[in-house]
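Worksheet: the structure to be examined is printed underneath.
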Amino acid sequence: MKVPPLWRANPEIWISQMESQFILAGNAMEITKFHLVISALQPEELDIIGDIILNPPAEKPYIALRNRLCSQYADSEEQRLCDLISGMQLCDRKP
Numbered sequence: 066m067k068v069p070p071l072w073r074a075n076p077e078i079w080i081s082q083m084e085s086q087f088i089l090a091g092n093a094m095e096i097t098k099f100h101l102v103i104s105a106l107q108p109e110e111l112d113i114i115g116d117i118i119l120n121p122p123a124e125k126p127y128i129a130l131r132n133r134l135c136s137q138y139a140d141s142e143e144q145r146l147c148d149l150i151s152g153m154q155l156c157d158r159k160p
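For what it's worth, my numbering labels the leading residue of the sequence shown as 66, then goes sequentially.
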């Protein structure tokens, strides 16, 4: 299974891509998914989930990992709007 690097700009899409690959590869076990995701992460990303790696929950370790990554890297609705507005060329117009 080819594991792509984490897409920090849109972790939900990256997780969806990973879950599609899990299905195609027949990887349904939580612990297998947990370790495959860990293998795709860079050191700075691993640092964010270090507590989960060192002490994985007994139940649903992949879900805990997925939720942490999404909450850490997902922009808020407000941030997305600010990014959109800051990228617009307003010239002499007001937002």
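Ideal Cβ placement from N, Cα and C applies to all residues, glycine included.
Every value quoted in this text rests on a predicted model; they were computed, and no experiment measured them.
Below 8 Å, can you find three or more Cβ-Cβ pairs linking the region 70 to 82 to the region 106 to 119? Touching, yes.
List the whole-angstrom C-beta distance separating residue 86 from residue 113, where the pair is believed to meet the contact cut-off of C-beta under 8 Å. Here the question's residue 86 lines up with position 21 in the sequence shown. Here the question's residue 113 lines up with position 48 in the sequence shown. Their Cβ separation, rounded to whole angstroms, is 22 Å, which puts residue 86 and residue 113 out of contact at 8 Å.
Who are the near neighbours of residue 169 in its chain, counting only those whose CB is closer than 7 Å to its CB and skipping five residues on each side? No information on residue 169 is available, as it lies outside the stretch 66 to 160 that the chain covers here.
Best match in 123, 89, 84, 139 for proximity to residue 102 [C-alpha to C-alpha]: If you number the sequence shown from 1, residue 102 lands on position 37. Looking at the Cα atoms, 84 is the closest of the given residues.
For residue 133, the three-state DSSP class (helix, strand or coil): Here residue 133 is taken as the residue at index 68 of the sequence shown, counted from 1. DSSP places residue 133 in helix when its eight states are reduced to three.
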